[in-house]
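Top to bottom, those sequences are chains A and B.
Note that my numbering numbers the first sequence so that position 476 is 477, with each residue one more than the last.
Note that my numbering numbers the second sequence so that position 241 is 694, with each residue one more than the last.
Using N, Cα and C, we set each Cβ at its ideal position, and we do this for glycine too.
Keep in mind the model is a prediction, meaning the values are calculated, not measured.
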Amino acid sequence: MMVRLLLILAFLSCSFPSFASVTTQPGELRWGGDTEGGAPYMYQDPDDMNSLVGYEVEIIEAIASHMGMKPIFVQNGWDNLIPGLERRLYDVSIDGLEITPEHQDVVDFSMPYYVTHLQIAVRRDNFDIVELDDCKGRVMGTLKQSYSQYVLETLGDVEIRTYEDEINAYTDLVNGRLDGTLFDAPIALYYGGPMREVKFVGPPIGKIEYGIAVPKDNPELLDLINSAVTSLRDSGKLRSILERWNLWNPMVAEEFHDLGPVKTQPVMYDKWIESHRPSFSLMDRVKRYSSFMPKLGTAALTTMKVSVASMVLAVIFGLMLALVRVFGPAPLSTLSMWYVEIVRGTPVLIQLFFIFYGLPNIGVKLSPFMARVIGLGMNYAAYEAEIYRAGLMSVPVGQMEAALGLGMTRREALRHVVVPQAVRMVLPPVTNDFISLLKDSSLVSVITLVDLTKAYGQIATTYYDYFGTGIIVAAIYFLLGYPFIRLARWTERKMEASFVPDRVRKNRRTGLGLRLF
Amino acid sequence: MEKSSEVLIAVEDLHKRFEDEHVLKGVSITIKEGDLVSIIGPSGCGKSTFLRCLNGLELLDSGRIEIAGVTLSRSSSDQAITRSFLEAAHEMRKEVGIVFQGFNLFPHKTVLENVMLAPMVVKKIPKDEAEGIALRLLDKVGLKDYSNRYPVTLSGGQAQRAAIARSLAMAPKVMLYDEPTSALDPELVGEVLQVMRDLDSEGMTQVVVTHAMHFARDASDYVVFMDQGEIVEVADGDEIFSNPRNDRTRDFLRHLAGVI
């Protein structure tokens, strides 16, 4: 049984060859970023869902081309870009990573390729906040675990609301849930800027330097990157990229000692603003949503593969845990009990981080797909084990005795008599768990796989549209789970024959009798 | 029906405790091939435990049980239970069939499948052959027409007869019955007892723990009266009911007289 399971897992993991291996080919520069990071850093091109745009994308591509290497993008959650670098999922990481002492403890940074500041935004009719000090006693929105959060905390007496996504913060600002927002200027420009109800106030706050993160043990690579950045800066290439995105500012000018007049039109910025005009027709909307479908379809397939493989693992491993717990010898039974208690008593996210980022320390490197399947599978196994245990204990002890009395061994009795009855009993709760696993699989989009929820985030940040896309994605989740619900119902009805007397079923069919069964 | 003088079951000084409760306090008995023995006694006297020890569903603490060439023995409860001891218990269960008060049919299988399962799993008999055996046995207990029904649709009497057929499918040398008719409606008791009478006439060795006193009196070769973990009296059915020798037997039967 185990062998078959491993074969299934191996098969599924093979269908993700690009994720199964993290070794870099010569001539390739693998770079990690988060497409959900949004504009202007990196996001899906609204005109072509399969391509990635953003000023950081242009910069890293220019650097790679300068180094004579081929850039290869590797997706990872923003929070995990640095752990992913330590795990060597990619050679370098670029995605608005701030050069801070904390970051420098674990990775090296190139010289800054961009310098910016924080920007306060308020509603157009607000005249109370004109600088940072006015934020005291107000409700301010900002990005979770960012420099701006730190600045607000240092200010004191500010009610801070942290957000995962900038759009939601600006929407809340417009809706009056926030008095103001404090974000990195590029974010403010791209998300607050297009909103008519929002205005920017106050002078630039602080200094933020973005650098390219490189593993600590690779000074040669760092030197190469630095010389590429220097040369792109001196040739004016870097400036022209930043100007295309309307990001050139006095701070960069000073940093680069380049005080000349603007030379390049902000074409990419204009395009962004153009594509985010608030009103468009129903036809546009339909066309836009149908353009998501291939991407959502691929993501749904990933979600499905992860969920099904995890559930297969959970169901088989959970059954073994339950059998050992109920029928195994004392030490193994205790072990099984502790497994269940520890696994369900700790957050699944931490387990996943441990498996994906922790285990490589002891030489166990799993592909993102395998890490997810094993992480979710082992986690759900603990819950399935408890369900099976209830199922096994609900089989009367006389069943085991009758089987043993007929000369069967315990193993034979379990296999032919006890387990089949327990499985029937637990079918509804196990189906329930599968549906919940299908959705929980989104929890683990932190591990470099684009599943349905990740795709939702990417599309929503690109199009500024959490509502419409949200409904579509929710519907897809429902459609993925529904066939399994029907299948479970059908199986239950088939198996009911042996548990419910004829007269009860007939009564139920005619609508007569007590609906007790 | 006594047919031979060959001893099939020999029990010597059998002891069994459940924690501090001393349930069997040195039970010894020999039963010959073809005997039908009824065991009677008050609740909690240890008769069910004794029966379950005979096929290894309960493991004895000390003493010796020998059935059809398979021996289970322990000198004391301190002696570790070895693998060979467990294997002997397993061997014994193959030779000794048991029928329970609550039938314990497998609800997820049809009557036919219930009877076929053990021969296929334990004896590795091919499916066709197992089906043949099962149909013959179901015919014998009068359930041929019920073979494709699920246990939940059977009456108590039918279910108990199916359970007997299921045990017989393993071709046991001994059949044990643990209060086989206690869960049945009175009018269904007869059909089950008739099956046991038929088996007796075919020479099956049977040990029955029962409260059906008329059956014990009329059908058994002899009756064993147990009380407080001991065998108090062994006698012919007529004799034990009409002229019990032991005071405890007399007491028990007097109390019973009001009930039956």
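Verify the CB distance criterion: does residue i have a CB-CB separation below 8 Å to chain A?
i                      : result
residue 694 of chain B : no
residue 495 of chain B : no
residue 518 of chain B : no
residue 575 of chain B : yes
residue 699 of chain B : no
residue 609 of chain B : no
residue 538 of chain B : no
residue 471 of chain B : no
residue 503 of chain B : no
residue 579 of chain B : no
residue 624 of chain B : no
residue 513 of chain B : no
residue 461 of chain B : no
residue 571 of chain B : yes
When burial is assigned at 16 or more other CB atoms within 10 Å of the CB, is residue i buried or exposed?
i                      : result
residue 495 of chain A : exposed
residue 339 of chain A : exposed
residue 474 of chain A : buried
residue 422 of chain A : buried
residue 90 of chain A  : buried
residue 452 of chain A : buried
residue 343 of chain A : exposed
residue 553 of chain B : buried
residue 394 of chain A : exposed
residue 24 of chain A  : For residue 24 of chain A, the pLDDT reaches just 49, beneath the cut-off of 50, and the residue's location in the model is therefore unreliable, leaving the point undetermined.
residue 37 of chain A  : buried
residue 255 of chain A : exposed
residue 245 of chain A : buried
residue 60 of chain A  : buried
residue 81 of chain A  : buried
residue 659 of chain B : buried
residue 79 of chain A  : buried
residue 409 of chain A : buried
residue 698 of chain B : exposed
residue 39 of chain A  : buried
What do you reckon, are the CB atoms on residue i and residue j nearer than 8 Å?
i                      : j                      : result
residue 558 of chain B : residue 624 of chain B : no
residue 720 of chain B : residue 669 of chain B : Lying outside 454 to 713, the shown extent of chain B, residue 720 of chain B is not represented and no answer is given.
residue 590 of chain B : residue 574 of chain B : no
residue 110 of chain A : residue 242 of chain A : no
residue 663 of chain B : residue 678 of chain B : no
residue 154 of chain A : residue 139 of chain A : no
residue 520 of chain A : residue 350 of chain A : No answer is possible for residue 520 of chain A: it lies beyond the span of chain A, which begins at 2 and ends at 518.
residue 96 of chain A  : residue 30 of chain A  : no
residue 354 of chain A : residue 367 of chain A : no
residue 171 of chain A : residue 199 of chain A : yes
residue 173 of chain A : residue 142 of chain A : yes
residue 690 of chain B : residue 671 of chain B : yes
residue 604 of chain B : residue 560 of chain B : yes
residue 641 of chain B : residue 609 of chain B : yes
residue 114 of chain A : residue 230 of chain A : yes
residue 132 of chain A : residue 55 of chain A  : no
Quick check on residue i - is its C-beta less than 8 Å from some C-beta in chain B?
i                      : result
residue 413 of chain A : yes
residue 425 of chain A : yes
residue 493 of chain A : no
residue 150 of chain A : no
residue 403 of chain A : yes
residue 418 of chain A : yes
Would you say the region 638 to 657 of chain B touches the region 460 to 473 of chain B, given that touching needs at least three Cβ pairs under 8 Å? no
For the region 119 to 134 of chain A and the region 171 to 188 of chain A, state whether three or more C-beta atom pairs, one from each stretch, are separated by less than 8 Å. yes
What alpha helix (DSSP H) runs, 4 residues minimum, are completely inside the region 457 to 502 of chain A? 467 to 497
TODO: Output the residue ranges of the alpha helix (DSSP H) runs that lie fully inside the region 326 to 378 of chain A and measure 4 residues or longer, sorted by chain position.
DONE: 331 to 346 and 349 to 354
Pairing CB atoms from the region 492 to 506 of chain B with CB atoms from the region 533 to 542 of chain B, are three or more of them under 8 Å?
no
_For the region 68 to 85 of chain A against the region 242 to 253 of chain A, do three or more pairs of beta-carbon atoms, one drawn from each stretch, fall closer than 8 Å, so that the two count as touching?_
no
Note down, one range per segment and in chain order, each alpha helix (DSSP H) of at least 4 residues found wholly within the region 654 to 707 of chain B.
666 to 672 and 690 to 695
Practice prompt. Count the C-beta pairs between the region 228 to 240 of chain A and the region 87 to 104 of chain A that are closer than 8 Å, then say yes if the count reaches three, no if not.
Written response: no
Quiz prompt | Length at least 3, wholly inside the region 59 to 114 of chain A: the beta strand (DSSP E) runs in chain order | solution = 71 to 76 and 108 to 110
Task: Unbroken stretches of the beta strand (DSSP E), 3 residues or longer, contained in the region 143 to 182 of chain A - done: 160 to 164
Count the CB pairs spanning the region 324 to 333 of chain A and the region 49 to 62 of chain A that are closer than 8 Å, and state whether there are at least three. no
Checklist line | Meets three-Cβ-pair contact criterion under 8 Å: the region 288 to 301 of chain A and the region 350 to 370 of chain A | finding: no
Are at least three pairs of beta-carbons, each pair with one atom in the region 412 to 427 of chain A and one in the region 468 to 485 of chain A, less than 8 Å apart?
no
Q) Could you give the uninterrupted runs of the beta strand (DSSP E) lying entirely in the region 543 to 588 of chain B, keeping only those of 3 residues or more? A) 549 to 552
In chain order, each alpha helix (DSSP H) run of at least 4 residues that lies wholly inside the region 255 to 289 of chain A:
268 to 276
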